[in-house]
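One structure is given here, and the rest of the page talks about it.
In my numbering, the protein residues as written are 92 to 179.
In structure tokens, the structure reads:
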């Protein structure tokens, strides 16, 4: 499944974002798509998409039924998405 790096613009409301562009930066293992948020973030750290210290205290995963979006908690900025909507 494609991993997308998200370039987002600040929205009109505080802590909202609009996806401006996204870039294909890798592939996520299909067998892990239903794993816990903790396991998904760990995979992103181990594969150098996120810094080693980033965990559930700094990010959450939002599932819009097409993408699982890794989002920064402090300002709700989307960082990466796992695109799975085309695969299922």
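Yeah, the Cβ is synthetic: ideal placement off N, Cα and C, and Gly gets one too.
Quick caveat: nothing in here was measured; it's all calculated off a predicted structure.
In terms of Cα proximity to residue 121, the closest of 146, 168, 158 is 158. Taking a contact as a CB-CB distance under 8 Å, the pair residue 152 and residue 145 does not count as one, their CB atoms being some 12 Å apart.
In this structure, residue 125 lies away from residue 134, with their beta-carbon atoms at least 9 Å apart. In the three-state reduction of the DSSP assignment, residue 126 falls in the coil class. For residue 167, the closest C-alpha among the options 94, 103, 99, 107 is that of 107.
Within the same chain, Cβ atoms closer than 6 Å to the Cβ of residue 98 are found at 111, 112, the five residues on either side in sequence being excluded.
Here residue 147 is exposed, its C-beta having fewer than 16 other C-beta atoms within 10 Å.
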